[in-house]
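**Student:** Sharing a structure with you now.
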Amino acid sequence: VTARGLWRERSLLLLPAGTLLTVAVLVPVLRVLGLSLSFVMLRGGIETRWAGLAQFVRLWQDSRFLTALGNTIVFTTASVLLEMVLGVAFALVLHRVFRGRGPARAVVMLPWALPTAVMALAWAWIFNDSFGVANDLLERAGLIRQPLAWLGGPASAMASLVIADVWKTAPFVMLIALAGLQTIPTQVLEAARGVVLPLLAPALLVALAFRAIQAYGAFDLIYVMTGGGPGGSTETISLYAFSNYFRYLDFGYGSAIAVMGAILLGLLALAGSTLARLRRGA
Amino acid sequence: VIRRALWWAALAAILAWSLGPALWQVLTALKPDAQITRVPTVYLPHPPTWDHVATLWERKPFGRYLWNSAWIGAWATLLCVAFAAPAAAMTARLASRWRNRILLGLLFVSAFPPVLLLFPLYEGVRALGWINHPVALIVPYAALNLPLATWVLESAFRTLPRELDEAASLDGLRPLRRLLRIHMPLAMPAVSTTAILVFIFCWNEFMLGLTFMTKDSAKTVTAGIASVGGASIYEIPWGQLAAATVIATLPLVLLVLLFQRRIVSGLTRGAVKG
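Protein chains in written order, with the numbering used here: chain A, 371 to 652; chain B, 1355 to 1628.
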């Protein structure tokens, strides 16, 4: 095959995927960038007028946006940290060879595969203030005297969300950790438990990055379980952008929120990877 | 001995934690209303009842939701794999510098928060008159899962010996034929793993389904469930909701139990090689 023929072959193979990504991801990203720099009015269709950075200036003066940003960071940090700890613990338990390990791993993986929006309802029911099983179990264990209104208070609502998210995603961390454990020779594992974590670190870093990105953009769980309430105390950037689109019909501002969210995520990722590189260098 | 006992206790705790919430939904779904709202909590339904499932089926087109999810998921999966496979086959044969660029680019694309794409996609879907049409979800689902599918497939294709390609092109097989006749069959485990993962993600998607499907008969199961709520939010039919969640998750439980190995290998293949 000639060099030119090879080039043509390769472009043809890449074409379908490239087209799909351009149409459904690249163009939308450009469009949302454009909208975030516009005032958008509804007159039959959508009319846009250049706004420059006005929407972004408005963002930083909007206390609801700042609250949403804070909530996003709290939710992401808390759930990712807990997931990492729990996921690694699960992996250490399930790494051992025992009869029924396959089925046991399947059961532990189940939460990860179940639809978040659907299981959010299950968790809302578990945390129900009057009839929820969480309160009943805690009362039976003597840990609380009176039923808690889990989803009724700002801190406890956030805690409920984090618990539900950890339930769903710790299995993902476990899978990655298990795969990492498999690459470590058994003799090493048995000889020195202390070295396990450093050896796992590269795999765990990947899991951490994936999970942080997903938790940061979380929508389903929060939308269904608390709707951002009570009083906006669990509203995240995704939910606030969504409300601006489909409740307030403020498309320009909604776009600005979504874009700013993505920019901040990018900055966080940059900071994170620089930090990781520095530590590796040191 | 004590360490062994501790280990078994830990295992039991992990299994209970993983299974508990889903199991609790099953129990709630089978309980008569009076037992659902009794304090202190009644744990086991006595006697179990199918009322909630029956009422749910009458009140909401639940069979329709399930069908929509399956149909949309199947098409999106097919489209996604069909588009990802050629790209993956090509990427797998590139010099590592270019390969890494493409793979990193895909990773970058998949890191966009979904809400960033939501509104422009909605505009596009509206402009094309696709609201309530399955295509409105099939295309974005295929696109959003394309990076993952390409990653998993690429890592499988790369392990196939290069000599195969050369032999095939000496036999005069064009690239597409080569993909269909040689790459795909040889990497079948990876292909089916990819398909299972993509299907799971499509089935579970919520945000786009919620916004693009406004008619009840067009909704997918995740978005449909969010609309099961009662006449007022103060009388949420918990029994029916529980029944709904059980029905919507059952297909996935089966998928996971059947293909556990595949799913694990697919997820870790993509992530661990760093």
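No residue lacks a Cβ here, since even glycine has one placed at the ideal position from N, Cα and C. As the structure is a prediction and not an experimental result, all values here were calculated from the model.
Suppose only complete runs of 3+ residues qualify. What are the beta strand (DSSP E) ranges in the stretch 393-421 of chain A, listed by chain order?
**Tutor:** You should have 408-413, 415-420.
**Student:** Taking residue 1528/B as part of the alpha helix (DSSP H), name the residues at either end of that continuous run.
**Tutor:** Reading the second sequence from its first residue, position 174 is the one you call residue 1528/B. Segment: none, residue 1528/B is in no alpha helix (DSSP H) and carries neither H nor E.
**Student:** Output, in sequence order along the chain, the residues in the stretch 501-524 of chain A whose CB is closer than 7 Å to any CB in chain B.
**Tutor:** Cβ contacts with chain B come from 501, 503, 506.
**Student:** Evaluate contact between the stretch 604-622 of chain A and the stretch 575-592 of chain A, counting only Cβ atoms and requiring at least three cross-stretch pairs below 8 Å.
**Tutor:** Yes: the two stretches touch, three or more of their Cβ pairs being nearer than 8 Å.
**Student:** Below 8 Å between beta carbons is the criterion; list the residues of the stretch 1368-1382 of chain B that meet it against any residue of chain A, in chain order.
**Tutor:** Listed in sequence order: 1368, 1369, 1371, 1372, 1373, 1375, 1376, 1378, 1379, 1382.
**Student:** Can you give the Cα-Cα distance for residue 1540/B and residue 1455/B, rounded to whole angstroms?
**Tutor:** Looking up residue 1540/B in the second sequence gives position 186. Looking up residue 1455/B in the second sequence gives position 101. Looking at the two C-alpha atoms, the distance is approximately 26 Å.
**Student:** Taking the alpha-carbon of residue 552/A as reference, which of 1619/B, 1440/B, 1360/B, 1381/B has the nearest alpha-carbon?
**Tutor:** The residue you call residue 552/A lines up with position 182 of the first sequence. Of the candidates 1619/B, 1440/B, 1360/B, 1381/B, the one whose C-alpha sits nearest the C-alpha of residue 552/A is 1619/B.
**Student:** When you compare the CB of residue 1494/B with every CB in chain E, is at least one pair closer than 8 Å?
**Tutor:** Reference to chain E is not applicable here, since the protein chains of this structure are A and B.
**Student:** For residue 1611/B, which residues in chain A fall below 9 Å Cβ to Cβ?
**Tutor:** Within the second sequence, residue 1611/B is the residue found at index 257, counting from 1. Here the neighbours are 473, 476, 477, 480.
**Student:** Assuming residue 1476/B contacts residue 1573/B under a Cβ cut-off of 8 Å, what Cβ separation, rounded to an integer in Å, is found between them?
**Tutor:** If you number the second sequence from 1, residue 1476/B lands on position 122. If you number the second sequence from 1, residue 1573/B lands on position 219. Actually they are not in contact, since the Cβ atoms of residue 1476/B and residue 1573/B sit about 16 Å apart, beyond 8 Å.
**Student:** For residue 618/A, count neighbouring C-beta atoms within 10 Å of its own C-beta (all shown protein chains included) and say buried if the count is 16 or more, exposed if not.
**Tutor:** The sequence position of residue 618/A within the first sequence is 248, counting from 1. Looking at its Cβ environment, which holds fewer than 16 other Cβ atoms inside 10 Å, residue 618/A is exposed.
**Student:** Against chain B, does residue 620/A count as a neighbour if the rule is that its beta carbon must be under 8 Å from one of theirs?
**Tutor:** On the first sequence, position 250 is the one that residue 620/A refers to. Cβ-Cβ to chain B under 8 Å: no for residue 620/A.
**Student:** Among the residues of its own chain, which have a CB less than 6 Å from the CB of residue 1513/B, if the five just before and after it don't count?
**Tutor:** The sequence position of residue 1513/B within the second sequence is 159, counting from 1. Nothing listed; no residue qualifies.
**Student:** In the DSSP assignment, find the unbroken alpha helix (DSSP H) run with residue 589/A in it and report its ends.
**Tutor:** Position 219 of the first sequence, counting from 1, holds the residue named residue 589/A. Taken as a continuous stretch (DSSP letters only), residue 589/A belongs to no alpha helix (DSSP H), as it is neither H nor E.
**Student:** Which class does residue 1559/B belong to by DSSP, given the choice of helix, strand or coil?
**Tutor:** Here residue 1559/B is taken as the residue at index 205 of the second sequence, counted from 1. Coil.
**Student:** Of all the alpha helix (DSSP H) runs that stay within the bounds of the stretch 1419-1478 of chain B, which reach a length of 4 or more residues?
**Tutor:** List check, alpha helix (DSSP H) in window: 1450-1464.
**Student:** With respect to the alpha helix (DSSP H) encompassing residue 1511/B, which residues constitute its N-terminal and C-terminal limits?
**Tutor:** To locate residue 1511/B, count along the second sequence from 1; it is residue 157. Residue 1511/B -> alpha helix (DSSP H) spans 1489-1512.
**Student:** Quick check on DSSP: helix, strand or coil for residue 614/A?
**Tutor:** For the purposes of this step, residue 614/A is taken as the residue at position 244 of the first sequence. Correct three-state label for residue 614/A: helix.
**Student:** Which bits of chain B does residue 455/A rub up against, with CB to CB less than 9 Å?
**Tutor:** Within the first sequence, residue 455/A is the residue found at index 85, counting from 1. In chain order: nothing, as chain B lies at least about 13 Å away.
**Student:** What residues in the stretch 1460-1480 of chain B have a beta carbon less than 9 Å from any beta carbon of chain A?
**Tutor:** Cβ contacts with chain A come from 1460, 1463, 1464, 1465, 1466, 1467, 1468, 1469, 1470, 1471, 1472, 1473, 1474, 1475, 1476, 1477, 1478.
**Student:** Between residue 1311/B and the rest of its own chain, which residues show a CB-CB distance below 7 Å, the 5 nearest in sequence each way excluded?
**Tutor:** Given a span of 1355 to 1628 for chain B in the structure shown, any question on residue 1311/B remains unanswerable.
**Student:** Are the CB atoms of residue 478/A and residue 464/A nearer to each other than 8 Å?
**Tutor:** As a working note, residue 478/A is residue 108 in the first sequence. As a working note, residue 464/A is residue 94 in the first sequence. Yes. Within cutoff.
**Student:** Which bits of chain B does residue 554/A rub up against, with CB to CB less than 8 Å?
**Tutor:** One-based indexing of the first sequence puts residue 554/A at position 184. None at all; the shortest Cβ gap to chain B is about 12 Å.
**Student:** Looking at C-alpha atoms only, which residue of 1469/B, 1544/B, 1596/B, 1548/B is the closest neighbour of residue 1383/B?
**Tutor:** Here residue 1383/B corresponds to residue number 29 of the second sequence, with the count starting at 1. Comparing Cα positions, the closest option is 1596/B.
**Student:** Going along chain A, which residues have a C-beta under 8 Å from residue 1621/B?
**Tutor:** Residue numbering aside, residue 1621/B sits at position 267 when the second sequence is read from its first letter. Those within 8 Å of residue 1621/B in chain A are 542, 545, 546.
**Student:** Using a 10 Å radius around the Cβ and a threshold of 16 neighbouring Cβ atoms, would you call residue 556/A buried or exposed?
**Tutor:** Here residue 556/A is taken as the residue at index 186 of the first sequence, counted from 1. That one is exposed.
**Student:** Hey, does residue 379/A have any beta-carbon neighbour from chain B nearer than 8 Å?
**Tutor:** Your numbering for residue 379/A matches position 9 in the first sequence. Taking Cβ atoms only, chain B reaches closer than 8 Å to residue 379/A, which makes this a yes.
**Student:** So what does DSSP say about residue 434/A, is it helix, strand or coil?
**Tutor:** In the first sequence, counting from the first residue as 1, residue 434/A sits at position 64. If DSSP states are grouped into helix, strand and coil, residue 434/A belongs with the helices.
**Student:** In whole angstroms, give me the CA-to-CA distance for residue 438/A and residue 451/A.
**Tutor:** Your numbering for residue 438/A matches position 68 in the first sequence. Your numbering for residue 451/A matches position 81 in the first sequence. One C-alpha to the other measures close to 20 Å.
**Student:** Nearest CA to the CA of residue 1438/B: which residue from 1360/B, 1504/B, 1370/B?
**Tutor:** Counting from one through the second sequence, the residue named residue 1438/B turns up at place 84. With distances taken between Cα atoms, residue 1438/B lies closest to 1504/B.
**Student:** Please compile the residues from chain A whose C-beta is within a distance smaller than 7 Å of the C-beta of residue 1607/B.
**Tutor:** If you number the second sequence from 1, residue 1607/B lands on position 253. Residues of chain A passing the Cβ test: 480.
**Student:** Would a check of beta-carbon distances place residue 433/A closer than 8 Å to chain B?
**Tutor:** For this step, residue 433/A is matched to residue 63 along the first sequence. No, no contact with chain B.
**Student:** Can you pull out the residues from the stretch 568-602 of chain A whose beta carbon lies closer than 8 Å to at least one beta carbon of chain B?
**Tutor:** If the cut-off is 8 Å between Cβ atoms, the stretch 568-602 of chain A has 572, 573, 576, 577, 580, 583, 586, 587, 589, 590, 593, 594 near chain B.
**Student:** Report yes or no: do the stretch 538-546 of chain A and the stretch 610-626 of chain A share at least 3 C-beta pairs separated by less than 8 Å?
**Tutor:** No, they do not touch.
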